[in-house]
Each structure stands twice: as structure tokens, then as C-alpha cells.
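Protein chains in written order, with this note's numbering: chain A, 56 to 209; chain B, 56 to 209. Cβ atoms here follow ideal geometry from the backbone N, Cα and C, with glycine treated the same way.
Protein chains: 2
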Amino acid sequence: MRLSKKSVYALRALTCLGASTASEVVSIHAIARQERIPKKFLEQVLLALKKAGIVQSSRGKGGGYALRVAPAQVTLGDIIRAIDGPLAPLPCASAVSPVKCPGCLDVESCWLRGVMTEVGAEVSAVLDHITLADLCRRAALSQRRSPHVLMYEI
Amino acid sequence: MRLSKKSVYALRALTCLGASTASEVVSIHAIARQERIPKKFLEQVLLALKKAGIVQSSRGKGGGYALRVAPAQVTLGDIIRAIDGPLAPLPCASAVSPVKCPGCLDVESCWLRGVMTEVGAEVSAVLDHITLADLCRRAALSQRRSPHVLMYEI
DNA sequence: TTATTGTCTACCAATTAAATAGGAATTATG
DNA sequence: CATAATTCCTATTTAATTGGTAGACAATAA
Numbered sequence: 056m057r058l059s060k061k062s063v064y065a066l067r068a069l070t071c072l073g074a075s076t077a078s079e080v081v082s083i084h085a086i087a088r089q090e091r092i093p094k095k096f097l098e099q100v101l102l103a104l105k106k107a108g109i110v111q112s113s114r115g116k117g118g119g120y121a122l123r124v125a126p127a128q129v130t131l132g133d134i135i136r137a138i139d140g141p142l143a144p145l146p147c148a149s150a151v152s153p154v155k156c157p158g159c160l161d162v163e164s165c166w167l168r169g170v171m172t173e174v175g176a177e178v179s180a181v182l183d184h185i186t187l188a189d190l191c192r193r194a195a196l197s198q199r200r201s202p203h204v205l206m207y208e209i
Numbered sequence: 056m057r058l059s060k061k062s063v064y065a066l067r068a069l070t071c072l073g074a075s076t077a078s079e080v081v082s083i084h085a086i087a088r089q090e091r092i093p094k095k096f097l098e099q100v101l102l103a104l105k106k107a108g109i110v111q112s113s114r115g116k117g118g119g120y121a122l123r124v125a126p127a128q129v130t131l132g133d134i135i136r137a138i139d140g141p142l143a144p145l146p147c148a149s150a151v152s153p154v155k156c157p158g159c160l161d162v163e164s165c166w167l168r169g170v171m172t173e174v175g176a177e178v179s180a181v182l183d184h185i186t187l188a189d190l191c192r193r194a195a196l197s198q199r200r201s202p203h204v205l206m207y208e209i
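This is the structure we're talking about:
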């Protein structure tokens, strides 16, 4: 149930883009520096987000990335799915792209898949009602307070 | 967001125990054979479940495992937590045992932790309202139909 | 034409998950 | 008591995944 580092990077990069106006582009370099993310790794993250239709890019000098849709239109679920794949607890229980998992051939696995499909749907529902706009709002709020205070907040 | 093989084994082993009466014990060997789980691996799984207070064991000849609590008293959440650890999407966002994760020192991580703590709580809520009794019921149902039919059911 | 930027693919390193191994401790039973 | 069956515990090995790096290539603005 753990979020990969990759998708955390994606979330941070996207709030970074969400903070800019829609028209202006931000370079990989700038995002990497600001968010302290390994540049070449971030490259792959953004490429995946582009493939998922969440961001758009322009190349060449002065190029960079921008959101392709409004922050309120992108959900946490969209982002995590784009990076980490289906949210289903089991490969075979994915609504998007169900894949027969090993050990899924016999009867026992079948009822498990049933339960897990439902669990996956509920998890998706949770993640799909939190939008990038929400994240940006929270990020902006915490930006305003002192880092030191936040660091030790429970 | 994927379930480990280990916890799938745990779920299957437990439904196996749930199917037996509370008083009778089932040996690792029997469970492993019935559920086609590597015996030595299952050993570790059951040990973890025991440490979590979900099952009890008796050693020596004629020994084995049995549930320590009623199937309706154990939740999916309990089981998965016992095997895979906290359900939180981020180590730092665990209600049970929050651990400072690398990159969690600066301001950006803090708002992420906030969101993820909430997400984790909701996921927990989902998993904690499904009980082992529910799983056993489903397992019993699918047992009654033909394996072949189930195999290709969507 | 050149500097800057994204695109793509392959690769390597580190970590984690899955499985295996083997001996110690415990207990029922002949 | 001796033995076989069983859990307990820890270490090791193997496989898979994740995290990160590298470098050649393509596009574009100036």
C-alpha cells in the first residue's frame, strides 16, 4: 500500500506546475532544482505524466512543461495510476487492465479477486476525489508557515 | 498499493483455519498442501500472524494452528497490517508507527504527509470493515461452484 | 549554427520480496 | 526413554522491483 518515490516526485512536480500560470512552461531543470529531485529521474516521471495526458511539453530553448488540464480536473488517483499503474490490490483485480496473476488459476483466488476488486474500487474512490488543486492549496498553505514549526508538527 | 504475496498467503491460510472449528488445529503441512503455498514460507507467515495475536499454535506431535479470535473479530486490515506493516501510503504518514522518511524533512513533504495520513485513514476504514468471516463466507460460496466456470468468469 | 531543451532507450545499483535451509525446542505416543 | 511429528527461529539465497544514471537523438529559439 506504499506510494513509490516516483509518484511522490510526480505529485511534487505537479504542484510545482500547478503553482505557475497555465500558459507559462517550467523546465525539468527548474523543477528538479526547486523540488530537489534527481533531474534525469524526473525526466522519466514527466514523460509518463505526458503520456497519461496530464501535462504537455514544448521542446527546444525556452521549452518546458505545463499542465494540460486544470488542477481541479486532475485527481490523485489519475496521477498515481499514471506512475505506479493500477490501484488494485491484486493485478487480477484491476478494473482498468486486469492481468491474470500467478496462483490466480484456482478457485481460492477467485473469491479473493472478488473482494479485492471491491477494495480497489473503494481506494480509487478515495483517491479520485482529491484533486491536484487540493494539493496545491495545501502546499501553498504550508509554504506560508515556518519550515521549522512544520518539521516537528505531529 | 499492491498486496504482497505473503499477505495473500496469510488470507488463504486464515480462511482455511476459519473453515475448521475453533477447537481443532491444522498443521502447517496441511495448510500448505491444501492451499499450494511453499511450506517453509507459510511457516513465517503463520509465525507473524501468531505474533500479531491472530492465531495460536500448539507444538509437538498433533500440533498445529487455530484462530485465536472469532473470524468476525479479525479484519482484513488487521491481517494485512500484521504481514505487510502499516497501511499508510507513506512511512511518515502512519498512525500506528510514524517513521520519518528521507525527503520528509523539508516543507514540501509536510503537506503531502497531511494528505496521505487522511488517505491512509480512509483505506484503513475500508479494510477494517471487511472481516475474516466475510472472506470465509465468500470462499465457501465459490467452493460450491465448478472451478472451471470460475476460472474464466469476468 | 549553436545552445537549450525535451525524448527515448538502455543500463546499473540498491532495496525489497520470495523462497529455501537447517537446526533447536516441544510434545504425544509406543 | 526413544522417536516421530510438529512448531520456532534465524540465516542465507534468489528473484523482482525500484531508484537512479548515461548518452545519443530530435526539436526549436535566437
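Check: At least one CB of chain A closer than 9 Å to the CB of B/I86: is that the case?; Outcome: no
Check: Could you check the C-alpha separation between A/V81 and A/Q111 for me, to the nearest Å?; Outcome: 11 Å
Check: Would you identify the three-state DSSP class for B/V110, choosing helix, strand or coil?; Outcome: strand
Check: Would you say the region 76-91 of chain B touches the region 127-140 of chain B, given that touching needs at least three Cβ pairs under 8 Å?; Outcome: no
Check: Is B/I135 close to chain A? Criterion is C-beta to C-beta, closer than 9 Å.; Outcome: yes
Check: So what does A/L122 bridge to, in DSSP terms?; Outcome: A/V110
Check: Does the count of Cβ pairs from the region 144-158 of chain A and the region 168-176 of chain A closer than 8 Å reach three?; Outcome: yes
Check: For A/L122 and chain B, any beta-carbon pair shorter than 9 Å?; Outcome: no
Check: Listed in chain order, which residues of the region 176-193 of chain B have Cβ atoms closer than 8 Å to some Cβ of chain A?; Outcome: E177, V178, V181, L182, I185, D189, L190 and R193
Check: Nearest-angstrom Cα distance between A/I86 and A/I92?; Outcome: 8 Å
Check: Hey, could you find the ends of the alpha helix (DSSP H) B/G132 is sitting in?; Outcome: L131 to D139
Check: Say whether chain B places a C-beta atom closer than 9 Å to the C-beta of A/G73.; Outcome: no
Check: From the DSSP output, which residues share a beta bridge with B/T76?; Outcome: Answer is none; B/T76 lacks a bridge partner.
Check: Does the beta-carbon distance from B/I109 to B/K94 come in below 9 Å?; Outcome: no
Check: Please state the DSSP three-state secondary structure of B/V151.; Outcome: coil
Check: Among the candidates A/R192, A/L101 and A/L196, whose CA atom is the shortest distance from the CA of A/L122?; Outcome: A/L101
Check: Output the boundary residues of the alpha helix (DSSP H) element that contains B/A85.; Outcome: I83 to E90
Check: Alpha carbon to alpha carbon, how far is A/Q89 from B/Q89?; Outcome: 55 Å
Check: Rounded to the nearest angstrom, what separates A/A176 and A/S152 at their Cα positions?; Outcome: 13 Å
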